[in-house]
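Below is one structure, written out as structure tokens; comments come after it.
In the working numbering, the protein residues as written are 10 to 291.
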């Protein structure tokens, strides 16, 4: 009666002595009563000497009494039924110290159905290696032109024919005007720092898994030839984080920021990393 997955109430109670974890019951001295509908009543005692379990005709003086049907009791112990779900469905009722009832999960290891013993997992061996895929992906004619310019130490922007806005890195379409951009303009390569963000996130490289030392500075630079709000985002030389000044425009008042110049990679291959970072122009 009350079998669930071939397990009954007696199987659960008969295994409790072997599943008892003294370290999980340290400092606990209490009694827990189990009223299993249609099956019987048991009293579990926890104390300094360990645990004892006895069948009772009645449960008196227990710190907590658990009322549950046999199938739900078995399901709870083998991990097939959630205790909160059983409480919500009125299949489980707890009278007394609910925290003591909840703590029994630490006092006993999970009941394992015979034949379903947990097999130790094999050790996972990891070989860290950068994957090299023999493929090339086209950046497109617009971004490709910009990246080609970096190989030649040029920073290019594309100009909107309607509003005149310069965009770098470039975009094929001016979002506000909804027209195609096709006029190229060389900007910078030096400029004025307008924004600085101290970054404490390690920012791992998706290809190599390597991370930058933190903090590092993400900066917005108003490159020569650009108008307000046409900043170019890149990185600041790590040891100059506290040496730079941001530019601020407030109405007719202008506080100029530090002048910065790019530091180019010796071997450039047409990527944003062709500029290592920007540093103070002295």
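Cβ coordinates follow ideal geometry from the N, Cα and C atoms, glycine included.
Compute every distance between the C-beta of residue 273 and the non-hydrogen atoms of the ligand COA, then say whether any falls below 8 Å. The ligand COA is not among the ligands present in this structure, which contains no ligands whatsoever.
Starting from residue 27, trace the alpha helix (DSSP H) both ways and give me its first and last residue. In the chain shown, counting from the first residue as 1, residue 27 sits at position 18. Here the alpha helix (DSSP H) through residue 27 covers 25–28.
Which whole runs of the beta strand (DSSP E) in the segment 14–95 are 3 residues long or more, in chain order? 39–46, 49–56, 59–65 and 73–78
Residue 150 (DSSP reduced to helix, strand or coil): Stepping through the chain shown from its first residue, residue 150 is reached at position 141. It is helical.
Based on the DSSP secondary-structure assignment, which residues constitute the bridge partners of residue 243? On the chain shown, position 234 is the one that residue 243 refers to. Answer is 228.
Beta strand (DSSP E) containing residue 166: first to last residue? Locating residue 166 in the chain shown gives position 157, counting from the first residue. Per DSSP, residue 166 belongs to the beta strand (DSSP E) from 164–168.
Looking at the structure shown, is residue 144 part of a helix, part of a strand, or coil, going by DSSP? For the purposes of this step, residue 144 is taken as residue 135 along the chain shown, with counting starting at 1. Coil at residue 144, not helix or strand.
Please check the pair residue 162 and residue 273, which I expect to be a contact at CB under 8 Å, by giving their CB distance rounded to whole angstroms. Within the chain shown, residue 162 is the residue found at index 153, counting from 1. Within the chain shown, residue 273 is the residue found at index 264, counting from 1. That belief holds up - the Cβ atoms of residue 162 and residue 273 are roughly 6 Å apart, short of 8 Å.
Classify residue 125 as buried or exposed, calling it buried when 16 or more other Cβ atoms lie within 10 Å of its own Cβ. Here residue 125 refers to the residue found at position 116 of the chain shown. When all chains shown are included, residue 125 counts as exposed.
Excluding the five sequence neighbours on either side, which residues of its own chain have a C-beta within less than 8 Å of the C-beta of residue 29, listed in chain order? The residue labelled residue 29 in the question sits at position 20 within the chain shown. Result list for residue 29: 59, 60, 116 and 117, in chain order.
Per-residue burial, residue 242 [other beta carbons within 10 Å of its own, 16 or more giving buried]: Locating residue 242 in the chain shown gives position 233, counting from the first residue. The residue is exposed, with fewer than 16 neighbouring Cβ atoms inside 10 Å.
Is it buried or exposed for residue 230, if we count other Cβ within 10 angstroms and need 16 for buried? For the purposes of this step, residue 230 is taken as the residue at position 221 of the chain shown. Label assigned to residue 230: buried.
With a CB to CB cut of under 6 Å and the five nearest residues on each side skipped, what residues in its chain are close to residue 37? For the purposes of this step, residue 37 is taken as the residue at position 28 of the chain shown. Same-chain partners within the cutoff: 55.
Cutoff 6 Å; reference residue 257; Cβ partners in own chain excluding five residues on either side: Taking the chain shown and counting its residues from 1, the one referred to as residue 257 is at position 248. Cβ neighbours of residue 257 beyond the five flanking positions: 264.
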